[in-house]
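A.B. asks: Chains A and B supply the protein sequences, listed in that same order.
Heads up: the first sequence begins at 6 in the working numbering, then just goes up one per residue.
Heads up: the second sequence begins at 6 in the working numbering, then just goes up one per residue.
2 protein chains.
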Amino acid sequence: MFIVEDEKIIELIPFLKERGLRITPQRILILQTIISIKGHPTVEDIHQKLPYISLATIYNNVKLFLSLHILKELPYGNGLSKYELANQPEHYHILCESCGEIIDFNYPNLKEIEHVACKLTSFKIHTHQMEVYGLCPTCQIQ
Amino acid sequence: MFIVEDEKIIELIPFLKERGLRITPQRILILQTIISIKGHPTVEDIHQKLPYISLATIYNNVKLFLSLHILKELPYGNGLSKYELANQPEHYHILCESCGEIIDFNYPNLKEIEHVACKLTSFKIHTHQMEVYGLCPTCQIQ
DNA sequence: ATCGCTGCAAATACTTTGCAATGGG
DNA sequence: CCCATTGCAAAGTATTTGCAGCGAT
Numbered sequence: 006m007f008i009v010e011d012e013k014i015i016e017l018i019p020f021l022k023e024r025g026l027r028i029t030p031q032r033i034l035i036l037q038t039i040i041s042i043k044g045h046p047t048v049e050d051i052h053q054k055l056p057y058i059s060l061a062t063i064y065n066n067v068k069l070f071l072s073l074h075i076l077k078e079l080p081y082g083n084g085l086s087k088y089e090l091a092n093q094p095e096h097y098h099i100l101c102e103s104c105g106e107i108i109d110f111n112y113p114n115l116k117e118i119e120h121v122a123c124k125l126t127s128f129k130i131h132t133h134q135m136e137v138y139g140l141c142p143t144c145q146i147q
Numbered sequence: 006m007f008i009v010e011d012e013k014i015i016e017l018i019p020f021l022k023e024r025g026l027r028i029t030p031q032r033i034l035i036l037q038t039i040i041s042i043k044g045h046p047t048v049e050d051i052h053q054k055l056p057y058i059s060l061a062t063i064y065n066n067v068k069l070f071l072s073l074h075i076l077k078e079l080p081y082g083n084g085l086s087k088y089e090l091a092n093q094p095e096h097y098h099i100l101c102e103s104c105g106e107i108i109d110f111n112y113p114n115l116k117e118i119e120h121v122a123c124k125l126t127s128f129k130i131h132t133h134q135m136e137v138y139g140l141c142p143t144c145q146i147q
């Protein structure tokens, strides 16, 4: 574990406590695992790293973290959702259509599109996401 | 049924035939239903309009149409995917976080982001999608 | 000591599959 | 007539739920 990762956990503990939620070993481990994986793990990925924690507990806590906006859901994976930390710098995703891998990339924030969408649809805008689809370097070869 | 809709079906029939696929009443009805709904139906929506067609047949054909790029999958819906016709003018989607409705809106094509993503990740780019999230006018009131 | 959380097992939801019967080409 | 397709039922996969017992506060 690195310092940056520990800092993230240390910020999250009081955040949970303030909301009357208990700091269980399972919650700490699930969060640590998501932080240390760095990518965009599925529930199954988390369970493989923490096989002694019940799948139901992982599902319940991922759902809890989503409702607290600690996690973001990436529903593009073939049926199974992937998750990432919510408090990250703004970025977009590129997805491999062959192997399903998701990579982050930076691009100037497209906030302008939110104004246009608001004018055209009268929605109250909250956020936006963008995904670029293609073939990753590995899958291009094969 | 309107002329534009019939034209779409009429284009699709030879497209299927050329590929050695059979023109079954079920396929015609499923396509007509998706065209006439205009929105972004789920498999369940299609089945409600065509209850006498087996769910399995609807799933199988939706999958077939996806592989033929007649349909596009919109995986944002809570677990269940929504579908739209693929041969539509370029547009983006705005999603209501409360009721799940998806509305199309126009915005100048963001092809530039594909070049940037390509340079940064070495992916071979195919396409991109963008979703804006917010509250629809109806859900803002409630 | 309380009551929120965990873990199990069962239930649910969505989708795919095996296979006999059907019907489009 | 042949074989792709349909429809059913069963299986598969992902997720949620009920509840007894545990353990964080």
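We put the CB at the ideal spot given by N, CA and C, even for glycine.
Look at residue 32 of chain A and residue 66 of chain A and say whether their C-beta atoms are less than 7 Å apart.
C.D. replies: Result yes, Cβ atoms of residue 32 of chain A and residue 66 of chain A sit closer than 7 Å.
A.B. asks: Indicate the three-state DSSP secondary structure (helix, strand or coil) for residue 106 of chain B in the structure shown.
C.D. replies: Residue 106 of chain B falls in the coil class under three-state DSSP.
A.B. asks: Residue 141 of chain A CB to nearest chain B CB: under 7 Å?
C.D. replies: By this cut-off, residue 141 of chain A is an interface position.
A.B. asks: With DSSP as the reference, label residue 81 of chain A as helix, strand or coil.
C.D. replies: The answer is coil: DSSP assigns residue 81 of chain A none of H, G, I, E or B.
A.B. asks: So, for residue 122 of chain A: in the same chain, excluding its five sequence neighbours on each side, which residues have a beta-carbon less than 7 Å away from its beta-carbon?
C.D. replies: Result list for residue 122 of chain A: 128, 130, in chain order.
A.B. asks: When burial is assigned at 16 or more other CB atoms within 10 Å of the CB, is residue 35 of chain A buried or exposed?
C.D. replies: Looking at its Cβ environment, which holds 16 or more other Cβ atoms inside 10 Å, residue 35 of chain A is buried.
A.B. asks: Taking only beta-carbon positions, decide if residue 87 of chain B is within less than 7 Å of chain A.
C.D. replies: No, because no Cβ of chain A sits closer than 7 Å to the Cβ of residue 87 of chain B.
A.B. asks: Whole alpha helix (DSSP H) runs in the stretch 21 to 94 of chain A with 4 or more residues, listed along the chain?
C.D. replies: Correct list: 30 to 42, 48 to 54, 60 to 72.
A.B. asks: Under 8 Å Cβ-Cβ, which residues of chain B neighbour residue 81 of chain A?
C.D. replies: Here the neighbours are 80.
A.B. asks: If we define contact as Cβ-Cβ less than 7 Å, is residue 70 of chain A a contact residue for chain B?
C.D. replies: So no, residue 70 of chain A is outside the interface.
A.B. asks: Tell me whether residue 115 of chain B sits in a helix, a strand or coil according to DSSP, three-state version.
C.D. replies: Reduced to three states, the DSSP call for residue 115 of chain B is coil.
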